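*Asks:*
Structure representation (structure tokens):
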């Protein structure tokens with residue numbers, strides 16, 4: 001699947017929303033494939049959530065500073081609360 005490239009935005013939330021929209025079709029296809037394979041929606045939801053959290057953690061750790069790690073984790077927790 002080909003994803004469209006991001007536009008330039010001054011507001012990071014616009015880029016995040018655009019990224020989410022770009023990934024949506026591939027994400028839904030992945031979920032459908034997992035359900036077809038026999039996993040239930042709850043298992044798929046938890047697995048994808050944990051994989052997303054691991055990606056955030058790895059990204060934060062590669063940022064290099066404790067402040068960057070704390071900020072990335074806080075953003076993830078805030079988004080997860082909604």
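In UniProt numbering, the protein residues as written are 1 to 82. For every residue, glycine included, the Cβ atom is placed at its ideal position computed from N, Cα and C. The structure displayed is predicted, hence computed values, not measured ones.
Taking 8 Å as the limit between beta carbons, can you name the residues of its chain near residue 25, skipping five residues before and five after?
*Replies:* Correct list, in chain order: 1.
*Asks:* Output the distance between the C-alpha atoms of residue 71 and residue 14, rounded to the nearest integer angstrom.
*Replies:* Cα-Cα distance, rounded: 18 Å.
*Asks:* Mind checking whether residue 44 and residue 56 have CB atoms under 8 Å apart?
*Replies:* For residue 44 and residue 56, no; Cβs fall outside 8 Å.
*Asks:* What's the gap between the Cα of residue 10 and the Cα of residue 39?
*Replies:* Whole-angstrom Cα-Cα distance: 40 Å.
*Asks:* Given a cut-off of 8 Å on the beta-carbon distance, is the pair residue 76 and residue 50 in contact?
*Replies:* No, the Cβ-Cβ distance between residue 76 and residue 50 is not below 8 Å.
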